[in-house]
Amino acid sequence: MAIAGDVKLGQLTKYLFTAPSWPVSLLILILLGLIIDGASARAWVYLPFSGTLAFTIPAIAAFLFTKPIIEYSGKTMTWNRSALLALACTVFAVIITFASLAGGIRFLPLFYGISLGFVFGLRLFVLVAISDYRLPRMILPAVTQSGVGVIAGFFLFSPEWAFFAIVLHIVFGLGFAILIWLIERPLYRAFHIRGLAFVNAFIANMTDGSKGMENFFREIGEEIFVPQVCLFFRRQKKTALLFTVPNLHPGPMGEIGGGNLPRVIHDKMEEETMVPHGCASHDFNLVSESEIQKVIGAIERSRTDRIYGQGATPSSRLSCGTVRILYQRFGDSILMVSTRSPQMTEDLDYSIGMAIMAEGHRWFPHVAFVDAHNCMTDLSSAVLPATLTAMEYQRGAIQVMEAANKAELHAFSVGYAREHLPYSREQGFGDLGVQVMVVETCGQKTGYVLFDGNNMASGVREVLLEKILTLVDAAEVMTTDSHVVNTITGKNPVGMEIPVETFLPAVLRTVQAAIDDLGPAECAATTAQCEHVVVFGSNRISQLASTVNAMLIFVAPLSLAMLLLAFFLSLAAYVLMV
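Under the numbering used here, the first residue of the sequence shown is numbered -12, with each subsequent residue one higher.
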């Protein structure tokens, strides 16, 4: 199966890392200066040079002043990043400076000046990427390290050398500014967004939860119109229940966009609400959390169309190739829950769900088709139309609906329970924990178990079902596909960090609580029309990922070419001044 664009985008996270604690970076800086002082002691007679004065003091000055200057302009910078940037630039400065020894110690002032120019350009590039894409605002924090280095060189060498070093600052600064412009062009031409501004927003989200990324998503987004089938269950003297299937994707990550779609819908509904995963891929990620209100509004408007009925059929299961579907009819509606476990169960393209719903309208005005999303073996692309797997889903659904249309309706009862699980998002569990709906009719109990999470580790579903089926006659385990559990990578399924045996008792308690909650029920189905919902748009993720990957391919050769040009210009300036 080909890797989708959203998977490629997730793979870009290999370039991310966590900065070490700032005391560690400072200790290395101090030790590095002392080592250079010791190594250069013998050369002091020929050319006075101090590693502490030339490298350590400028780096410490940069560490101390970079964060306050940047935060004065309203952007963010951590002490750890400030220290790591100062240390990294110092290492480059040391390497460049002492490369001069290959030609003799007399070249050390030249190469020290070049190192300062390079440090200025590098800091400018990094700060524009991680703090503020507006280059003029980053000149002052970028020059803190090399500027102090120029003052040190003024005392170590001569005033003429300081003027030469300032010229090199201009040369390297212009070189890196051009490099930044070249890097940003592809994204700007394709999406009219600033690439480094997007990186700023991403880092701000990772650092303090900022939702600035949503502004970029809205710029590249497009409006769509999608149906959402809702099953309203009314019970005498018991809490009402809503089982609603959105054909939108709860992503892209964390609280950004529709990442917490299930929780937001749940909290806004007057009934206890279950929000399983419908047919949608990352193309249908909401551009901001505010778009969820359009979905909620559509559900509320559909309430006026509710007509309650008392009939339901016993549940059954049907297989078609690798696809298995648990289904149950409620009056004029049908609920289908599909899975391919133990094979990968991933997103289904929206068009597959629409084809199933369109076919089903021959028998049922309301067709709720759920992607159980309950088996992850690795990151993979969505199931696309016209593939063998897509045809298995469609053929299986048609067979199910034909069979359900002929089945006899009976009175039924519904029970519901929810338990918050004591695990974090980082451990694969979303805010809603585990929810269970049990439907009993004709003596048969069917359990619908929904975890708030993004998929399940391979084999977890089977372990859960084995125990759940000791309490009910039929069951399926689902996940909401909530992306609040994903901030850096898309792979954090239920059961990967926390062994299934650990949370299995809580699941069984919840199933039993839902059984104990059983009461006579009626069901009303509606199809809400979610209109003008702004999502990423068809193939936008693939286009964005391809553009970013192309940019990364050319960053290295462009950087090398720019550095060589700046280096030769530096030599030319030195020759002219000497």
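Each residue gets a CB set at the ideal place from its N, CA and C atoms; glycine is no exception.
L95 carries a helical assignment under DSSP once its states are collapsed to helix, strand and coil. In this structure, S268 is the residue among G160, E413, K478 and S268 with its C-alpha nearest to the C-alpha of S368.
Note: N272 is bridge-paired with H236 in the DSSP secondary-structure output. By the neighbour-count criterion, in which a residue is buried when 16 or more other Cβ atoms sit within 10 angstroms of its Cβ, Q330 is exposed. When C-beta atoms of the region 214 to 224 are compared with those of the region 246 to 256, fewer than three pairs fall below 8 Å, so the two segments do not count as touching.
Taken in chain order, the complete alpha helix (DSSP H) segments of 4 or more residues contained in the region 272 to 333 are 279 to 289.
Contact annotation, P123 with I56: C-beta distance approximately 13 Å; criterion of less than 8 Å not satisfied. Between H353 and T513, the C-beta gap is smaller than 8 Å, which places the two residues in contact. Apart from sequence neighbours up to five positions away, the residues of its chain that approach G160 with a beta-carbon distance below 7 Å are F107, G108 and L111, ordered along the chain. Per DSSP, the beta-bridge partners of K432 are E427. Per DSSP, Y120 is not a residue of any alpha helix (DSSP H), being assigned neither H nor E. The Cβ neighbour count for W168, taken over all protein chains shown within 10 Å, is under 16; the residue is labelled exposed.
DSSP, reduced to helix, strand and coil, places T77 within a helical segment of the structure shown.
Under the three-state reduction of DSSP output, M378 falls in the helix class.
Contact between K54 and D119 does not hold, since the beta-carbon distance rounds to 13 Å and is not under 8 Å. Taken in chain order, the complete alpha helix (DSSP H) segments of 4 residues or longer contained in the region 439 to 527 are 447 to 455 and 487 to 503. Here P372 has D336, S338 and I339 as same chain residues with Cβ atoms under 7 Å from its own Cβ, once five neighbours each way along the sequence are excluded. If you look at F219, you'll find it in the beta strand (DSSP E) that goes E209 to R222. By the CB criterion at 8 Å, M378 and G347 fall outside the cutoff.
Q386 places its beta carbon 8 Å or farther from that of I343. The region 391 to 403 and the region 453 to 460 do not touch, with fewer than three beta-carbon pairs separated by less than 8 Å. Ranked by Cα distance from V324, the options G308, G318 and S303 are led by S303. In this structure, DSSP gives R405 an extended state, which the three-state scheme calls strand.
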